[in-house]
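Asks:
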Amino acid sequence: MSAPTDTSLIQATDHGPIRELRLARPPVNALNPALCEALGAAVAQAVSDGVGGLVLAGGPKVFSAGLDVPYLLSLDDRAALKAAWESFFVAARALSECPIPVVAAIAGHAPAGGCVLALCCDYRVMAHGPFQIGLNETRVGLAAPEGIQQLMRRVVGAYRAERLLVAGEMVSSERALALGLVDELAEPEQVPPRARAWLEALLQLPRAPMLQTRAFARADLVAALKPERIHLDMFIDAWNDPDTQAGLRALVAKLGK
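Add 5 to the 1-based position in the sequence shown for the working numbering, that's all there is to it.
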């Protein structure tokens, strides 16, 4: 296994057979095309290097704040906007289709796209504390694509997913654990070590049957992110709706204060 190469946007660190990939786009790891492409490339490199499993980590207070909304709002060309969204779904598919296990180490907030990346992982360790996770799209005037809604349904069940999605609710880490949205809570500094510990136990199992069983179990996750389940053109239409644009710009203005 070769030594990982850090990029300016992804910091890679090996811990024996486990590689930690840390999103490194401060202050909140907003997902622009460059970060999404770097993540996809880092996952592919890890697989090529023969890594046993991956930990996907973010910042100490924000795992990822989701898509880079100010950047997306700056795009007045539909093709460029669609390409930016495509880059995000390519990154999500890199995680969902990854042939080795991936654990999300969520040491902070994980709204919207940050939550999606976490849902694409095998297991989620989140920090105790004043942190929230969820798919809050309806609060800014968007409907999460059907495939993304399926990611939530597969971990919390259909009825609970409906309630969370329709309300665009962000939940505390403690409630996320109770709902099954995350699997384990730890003190913030212990989140990555706990993620590695879960992987280390999994990697003790006979490798081929474990990976084959995992592939069967995650087939619905992979299918949920197929382009025909995302309906990206419909999503772009909704994004460009004047009411949605107004909501998004109000959000950006609020964040800027």
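Note that beta-carbon positions come from the ideal geometry of N, C-alpha and C, so glycine has one too.
Every value quoted in this text rests on a predicted model; they were computed, and no experiment measured them.
1) For Lys262, which of helix, strand or coil comes out of DSSP?
2) Based on DSSP bridge pairs, tell me the residues matched to Leu61.
3) What residue range does the beta strand (DSSP E) around Glu189 cover?
4) Flag this pair as yes or no: are the beta carbons of Val187 and Met131 separated by less than 9 Å?
5) Taking Val108 as the reference, give the member of Met215, Leu237 and Pro198 with the closest Cα.
6) Run through the segment 164-232 for me and flag every whole alpha helix (DSSP H) of 4 or more residues, listed as ranges in chain order.
7) Going straight from the alpha carbon of Tyr128 to that of Gly146, what length do you get?
8) Candidates Leu59, Arg30, Arg180 and Pro104: which alpha carbon is nearest Pro214's?
9) Bridge partners of Tyr128, per DSSP?
10) Taking C-alpha atoms, which residue in Pro150, Gly63, Leu169 and Val257 lies nearest to Ala123?
11) Here's a check: name, in chain order, each residue in its chain whose Cβ is nearer than 6 Å to the Cβ of Ala88, leaving out the five neighbours to either side.
Replies: Quick look at the numbers:
1) Any reading at Lys262 must be qualified, since the residue scores a pLDDT of 49, below 50, and its modelled position is unreliable; the value itself is stated next. Note: Lys262 maps to coil in three-state DSSP.
2) Leu26 and Ala109
3) Glu189 to Ala191
4) yes
5) Pro198
6) 178-184, 196-207, 212-222 and 224-229
7) 29 Å
8) Relative to the Cα of Pro214, the nearest Cα in the group Leu59, Arg30, Arg180 and Pro104 belongs to Pro104.
9) When beta bridges are read from the DSSP output, Tyr128 appears opposite Val108.
10) Gly63
11) none
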